[in-house]
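Numbering (the working numbering), first residue to last: 125 to 303. Note that CB positions come from ideal geometry on N, CA and C, so glycine has one too.
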Amino acid sequence: MLEEELKWEIFLPESSSEYKVGKLIGSGQYGKVYEGFNNHSGQMMAIKRVPIFNFIKDGKENIRLESLMSEIRILSVLSHQNIVKYLGHHNDAPNKMFNIFLEYIPGGSIYVLLWKYQKFNETLTSIYTRHILEGLSYLHSKGIVHWDIKGANILVGNDGVCKLADFGGAKFLLANNDD
Numbered sequence: 125m126l127e128e129e130l131k132w133e134i135f136l137p138e139s140s141s142e143y144k145v146g147k148l149i150g151s152g153q154y155g156k157v158y159e160g161f162n163n164h165s166g167q168m169m170a171i172k173r174v175p176i177f178n179f180i181k182d183g184k185e186n187i188r189l190e191s192l193m194s195e196i197r198i199l200s201v202l203s204h205q206n207i208v209k210y211l212g213h214h215n216d217a218p219n220k221m222f223n224i225f226l227e228y229i230p231g232g233s234i235y236v237l238l239w240k241y242q243k244f245n246e247t248l249t250s251i252y253t254r255h256i257l258e259g260l261s262y263l264h265s266k267g268i269v270h271w272d273i274k275g276a277n278i279l280v281g282n283d284g285v286c287k288l289a290d291f292g293g294a295k296f297l298l299a300n301n302d303d
């Protein structure tokens, strides 16, 4: 898959009526990930939903909100075939949720695939390893460290392409990361 094929529109809905939240597909420390549907374009997406009450402590924004905003800043500058694509976000205040819209990867994680199908053969392992290393190389070229590479954060598409996901702990390391 060529990088030119990865063109997505940024999705910043004004209301929750512009998208639908489907079935639960994953969960993490701060929120859950659901299948989603863009009501205008028909595009499938993953929706990372984080309860807003996780952001406030003693009337002040806490580190979870800072982490979420950092994740959005990082995702918004990335464009690579081995990185899950950021599509947008929405503060769904009536439902007390903050949503991050991401490229939907239907194959699930390497962790789940290994659990379902046991071990991978050497050829497939080398292909997946190449995809992971290409994604990491791209991140490092942008001065970004992921910090949480594990099977649950490596997704596999229907085409067999691995993509790095969950940038909640990722950090910019270099002062100049604009290229």
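### Query
Is the CB-CB distance between glycine 155 and methionine 169 below 7 Å?
In this structure, methionine 169 does not lie closer than 7 Å to glycine 155 by Cβ.
### Message
By alpha-carbon positions, which one of Gly292, Thr253 and Ser261 ends up nearest to glycine 284?
### Response
Nearest in C-alpha terms to glycine 284, of all of Gly292, Thr253 and Ser261, is Thr253.
### Query
Which whole-angstrom value describes the C-beta separation of leucine 288 and asparagine 206, a residue pair presumed to lie in contact below a C-beta threshold of 8 Å?
Correct: roughly 6 Å between the Cβ atoms.
### Query
Does DSSP put glycine 259 in a helix, a strand or coil?
The answer is helix: DSSP assigns glycine 259 an H, G or I state.
### Message
Does the stretch 139-147 come into contact with the stretch 210-219, if we say contact requires no fewer than three beta-carbon pairs (one atom in each stretch) closer than 8 Å?
### Response
Contact holds: three or more Cβ-Cβ distances are below 8 Å.
### Query
Looking only at DSSP bridge pairs, what is arginine 197 linked to?
In DSSP, arginine 197 forms no bridge with anything.
#### Entry: Paired residues, beta bridge with glutamate 159 - DSSP
Residue pairing from DSSP places glutamate 159 in a beta bridge opposite Ala170.
### Query
Mind checking whether asparagine 277 and aspartate 290 have CB atoms under 7 Å apart?
Their beta carbons are under 7 Å apart, which means asparagine 277 touches aspartate 290 by this criterion.
### Task
With DSSP as the reference, label serine 203 as helix, strand or coil.
Correct three-state label for serine 203: coil.
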